[in-house]
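Participant: Per numbering that gives the first Met the number 0, the very first residue in the sequence shown carries number 0; after that it's consecutive.
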Amino acid sequence: MKIAVWLISIVFSGIGGLVAFFGVLSANGAPQEAAAAAVGIGLAVIPYCVARAITEIIAATERTPVTVIRPQPPVLHSGQTGHSGGPAATVQKGPESRTIQSSQPPPSQPEETPNDLSDTF
0 MKIAVWLISI
10 VFSGIGGLVA
20 FFGVLSANGA
30 PQEAAAAAVG
40 IGLAVIPYCV
50 ARAITEIIAA
60 TERTPVTVIR
70 PQPPVLHSGQ
80 TGHSGGPAAT
90 VQKGPESRTI
100 QSSQPPPSQP
110 EETPNDLSDT
120 F
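#1: Using the Cα positions of E55 and V49, report the straight-line distance between them to the nearest angstrom.
#2: Between which two residues does the alpha helix (DSSP H) carrying V44 extend?
#3: Between which two residues does the alpha helix (DSSP H) holding V10 run?
#4: Can you name, in chain order, every residue of its own chain whose Cβ lies under 7 Å from the Cβ of M0, other than the five neighbours on each side?
#5: Take I53 and list the residues in its own chain whose beta-carbon comes closer than 6 Å to its own, dropping the five residues that flank it on each side.
#6: Using the C-alpha atoms, what's the distance from G28 back to L13?
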């Protein structure tokens with residue numbers, strides 16, 4: 000199907016080129032030359048646009064769907080902390096879950112330094 004559509008586009012491009020060429024040669028004035036060139040370009044461009052659209056539609060239907068597998072969050076056991084190192088951890092036992100407090104202190108935050116730029120202006 001793709002090849003047939005592109006062959007039609009190529010044939011019409013050739014016809015459009017011939018129409019434009021002979022139309023410009025046989026024209027009696029500038030308006031006739033412009034009209035012949037516009038018709039020739041239209042015969043070449045419109046089939047190209049249709050062929051391009053059909054090709055993209057066919058390509059979109061041929062693409063296979065991508066299956067995204069997301070990792071499951073880790074199950075934390077008693078005494079473990081999450082990636083953030085916080086003091087609380089969730090323990091899963093059977094169908095229920097509960098939150099326990101860890102004996103580790105929370106991570107210390109870096110001290111903020113004042114951003115005094117008044118002397119630079």
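Beta carbons: idealized from backbone N, C-alpha and C, even for Gly. In this text the structure is predicted, and so the values were computed from the model without any measurement.
Facilitator: For this structure:
#1: Your numbering for residue 55 matches position 56 in the sequence shown. Your numbering for residue 49 matches position 50 in the sequence shown. Computed Cα separation, rounded: 10 Å.
#2: In the sequence shown, counting from the first residue as 1, residue 44 sits at position 45. Residues 29–61.
#3: For the purposes of this step, residue 10 is taken as residue 11 along the sequence shown, with counting starting at 1. 1–24 is the extent of the alpha helix (DSSP H) around V10.
#4: Numbered from 1 along the sequence shown, position 1 holds the residue referred to as residue 0. Once the five neighbours on either side are set aside, the close Cβ partners of M0 are I57.
#5: Position 54 of the sequence shown, counting from 1, holds the residue named residue 53. Once the five neighbours on either side are set aside, the close Cβ partners of I53 are V4.
#6: Start at 1 with the first residue of the sequence shown, and residue 13 comes out as number 14. Start at 1 with the first residue of the sequence shown, and residue 28 comes out as number 29. The question names Leu, but residue 13 is Gly in the sequence shown. So the alpha carbons of these two residues sit roughly 24 Å apart.
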